[in-house]
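> Residue numbers (the numbering used here): 1 to 261. Could you have a look at this structure, given as structure tokens, before my questions?
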Amino acid sequence: MDDFQRERERMLRRHYREKKELVARIQGMKNSVPKTDKKRRKQLLLDVARLEAELEQKHQQEMETLQESCPDNSILDLVTEDLAKMDLENQPPSVSRAQKRRERRAALQRERQGSFAEMEMEHLASFRREEEEKLSAILGSKNLEMKDIPTDRHCMYRAIQDQLVFSVTIESLRNRTAMYMRKHVDDFLPFFSDPETGDIFSRDDFLSYCDDIVCGVLWGSQLELRALSHVLQTPIEVIQAESPTLVIGEEYTQKPLTLVY
């Protein structure tokens, strides 16, 4: 049973990581499709729903397979058979012994799955606490503290704004980011592609993307951070609990700005 619990915990950790990776992937997909392109945005929503459903189904199948391998399955079978034998004389003749056994087994299985779901929620909460502890330790080693930033499409820019020693608006940061990217199209364009076809963005697609940055309809991404680093001439650190720290703009010598993902 201990081996089963360890394997289950490893699986839940992987599921948690895969869900976070999918969220990041979806955000990248959303950033690559201009909001003004209604047709592609509609297809994007369908693609996102499909990816989320596929991951959910994959995780459910993996959990069911693991549950079936649980050492106490044999005990479940015995209990189910014993329950099926009880009070059979009081059951309507139309209900066969096999049907009654299946119903008993299904009821037990539902109860068991409910317990597994509760345990999964507890494990996920534990993983989040562990993640926060790791991030706090990393930040503590840098004499930094975590600060909550409201999660919305401006959160990346707001986190940068909060650390600057001079006053600047979110609108200004977005404008300056887009302006830098427009002036350095060749440095950024190769990293943008259509999520459906994989084709590299055309110049017009890229300029439309920059317009959406200014309008505030897009969340920030690593490419916008690269532009901001150049605009501010300041390195930007991106800290994650399970990955090495990513440093953008290492060529600059000022004290880095820090973001936590």
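C-beta atoms are modelled at their ideal positions from N, C-alpha and C, and glycine is treated no differently.
Looking only at its chain, what residues have a beta carbon closer than 8 Å to the beta carbon of Ser32, apart from the 5 residues adjacent to it on each side?
The residue you call residue 32 lines up with position 32 of the sequence shown. Spatial neighbours of Ser32 in its own chain (CB-CB distance under 8 Å, excluding positions within 5 residues in sequence) are listed in chain order as Phe192, Ser193, Asp194, Pro195, Phe201, Tyr209.
> How would you label Ser229, buried or exposed, when you count the other beta carbons within 10 angstroms and need 16 or more for buried?
Numbered from its first residue, the sequence shown carries residue 229 at position 229. Under this definition Ser229 is a buried residue.
> From what residue to what residue does the beta strand (DSSP E) around Thr258 run?
Against the sequence shown, residue 258 aligns to sequence position 258. Secondary structure note for Thr258: its beta strand (DSSP E) is the uninterrupted segment 257–260.
> Roughly how many whole angstroms lie between the Cα atoms of Asp199 and Leu189?
Taking the sequence shown and counting its residues from 1, the one referred to as residue 199 is at position 199. Taking the sequence shown and counting its residues from 1, the one referred to as residue 189 is at position 189. Going by the C-alpha atoms only, they are around 11 Å apart.
> So, using beta-carbon positions, are Leu55 and Lys19 closer together than 8 Å?
Position 55 of the sequence shown, counting from 1, holds the residue named residue 55. Position 19 of the sequence shown, counting from 1, holds the residue named residue 19. For Leu55 and Lys19, yes; Cβs fall inside 8 Å.
> What do you get for Pro34, buried or exposed, if any count of 16 or more other CB atoms within 10 angstroms of its CB means buried?
Residue numbering aside, residue 34 sits at position 34 when the sequence shown is read from its first letter. Counting Cβ neighbours within 10 Å, Pro34 comes out buried, since at least 16 surround it.
> State the CB to CB distance for the pair Glu224 and Pro235, rounded to an integer number of angstroms; the pair is presumed to be in contact (CB under 8 Å).
Position 224 of the sequence shown, counted from the start, is the residue given in the question as residue 224. Position 235 of the sequence shown, counted from the start, is the residue given in the question as residue 235. About 15 Å separates the CB atoms of Glu224 and Pro235; that is not less than 8 Å, and the two are not in contact.
> Ordered along the chain, which non-local residues of its own chain (more than five positions away) have a Cβ less than 8 Å from that of Gln27?
Start at 1 with the first residue of the sequence shown, and residue 27 comes out as number 27. Excluding sequence neighbours, Gln27 sits near Trp219, Ser221.
> For the beta strand (DSSP E) containing Leu246, list its first residue and its last residue.
Here the question's residue 246 lines up with position 246 in the sequence shown. Per DSSP, Leu246 belongs to the beta strand (DSSP E) from 246–248.
> Below 6 Å CB to CB, which residues in the same chain sit around His15 once its five sequence neighbours on both sides are set aside?
In the sequence shown, residue 15 corresponds to position 15, counting from 1. His59.
> To which residues of the same chain is Asn90 closer than 8 Å at the C-beta, ignoring the five residues directly before and after it?
Within the sequence shown, numbered from 1, the residue matching residue 90 stands at position 90. No answer about Asn90 holds up, because its pLDDT of 49 lies below 50 and its placement is not dependable.
> Select from Leu246, Ile138, Ile239, Leu232 the residue whose C-alpha is nearest the C-alpha of Tyr261.
Translated into the one-based positions of the sequence shown, residue 261 becomes position 261. When only C-alpha atoms are compared, the closest one is Ile239.
> Whole angstroms is fine: what's the gap from Gln233's alpha carbon to Leu164's?
For the purposes of this step, residue 233 is taken as residue 233 along the sequence shown, with counting starting at 1. For the purposes of this step, residue 164 is taken as residue 164 along the sequence shown, with counting starting at 1. If I take the Cα positions, the gap works out to 12 Å.
> Using 8 Å for Cβ pairs, my map puts Tyr180 next to Val217. What's the rounded Cβ distance?
Taking the first residue of the sequence shown as 1, we reach residue 180 at position 180. Taking the first residue of the sequence shown as 1, we reach residue 217 at position 217. In fact, because the Cβ distance is near 19 Å, the residues do not count as touching under 8 Å.
> Using beta-carbon positions only, say whether Thr245 and Ile213 come within less than 8 Å of one another.
Residue numbering aside, residue 245 sits at position 245 when the sequence shown is read from its first letter. Residue numbering aside, residue 213 sits at position 213 when the sequence shown is read from its first letter. Contact flag unset, no.
> Since Met156 and Leu259 are thought to touch, with beta carbons under 8 Å apart, how far apart are those beta carbons, to the nearest angstrom?
Your numbering for residue 156 matches position 156 in the sequence shown. Your numbering for residue 259 matches position 259 in the sequence shown. The Cβ separation is near 7 Å, so the contact holds.
> For Phe206 and Arg25, what's the separation of their Cα atoms in angstroms?
Locating residue 206 in the sequence shown gives position 206, counting from the first residue. Locating residue 25 in the sequence shown gives position 25, counting from the first residue. Near 19 Å, if we compare the C-alpha coordinates of Arg25 and Phe206.
> What would DSSP say about Glu89, mapped onto helix, strand or coil?
The sequence position of residue 89 within the sequence shown is 89, counting from 1. A caution first: Glu89 carries a pLDDT of 47, below 50, which makes its placement in the model unreliable, though a value can still be read off. Glu89: helix per DSSP, three-state reduction.
> Buried or exposed: where does Arg226 fall if 16 or more other Cβ atoms within 10 Å of its Cβ makes it buried?
The count along the sequence shown starts at 1 and reaches residue 226 at position 226. Classification of Arg226: buried, given that the 10 Å Cβ count is 16 or more.
> How big is the Cα-Cα spacing for Ser243 and Gln99?
Along the sequence shown, one-based indexing puts residue 243 at 243. Along the sequence shown, one-based indexing puts residue 99 at 99. The C-alpha of Gln99 is placed about 52 Å away from the C-alpha of Ser243.
> Check this for me: beta carbons of Ile170 and His154, under 8 Å apart or not?
Taking the first residue of the sequence shown as position 1, residue 170 is located at position 170. Taking the first residue of the sequence shown as position 1, residue 154 is located at position 154. Yes, they are a contact pair.
> Can you name the residues that DSSP bridges to Asp238?
Taking the sequence shown and counting its residues from 1, one reaches residue 238 at position 238. This sequence places Val at residue 238; Asp is not what is there. DSSP lists Leu246, Leu259 as partners of Val238.
> With distances taken between CB atoms, is the gap from Ala241 to Lys142 smaller than 8 Å?
Along the sequence shown, one-based indexing puts residue 241 at 241. Along the sequence shown, one-based indexing puts residue 142 at 142. No; because the gap between Cβ atoms is not below 8 Å, this pair is not in contact.
> What does a CB cutoff of less than 8 Å around Phe127 pick up in its chain, not counting 5 residues either side in sequence?
The residue labelled residue 127 in the question sits at position 127 within the sequence shown. Closer than 8 Å at the Cβ level, and outside the excluded window around Phe127, lie Leu12, Arg13, Tyr16.
> Report all residues from its chain with a CB closer than 8 Å to the CB of Ile149; omit the five preceding and five following residues, and keep chain order.
Taking the first residue of the sequence shown as position 1, residue 149 is located at position 149. The answer, listed in chain order, is Cys155, Arg158, Ala159, Asp162.
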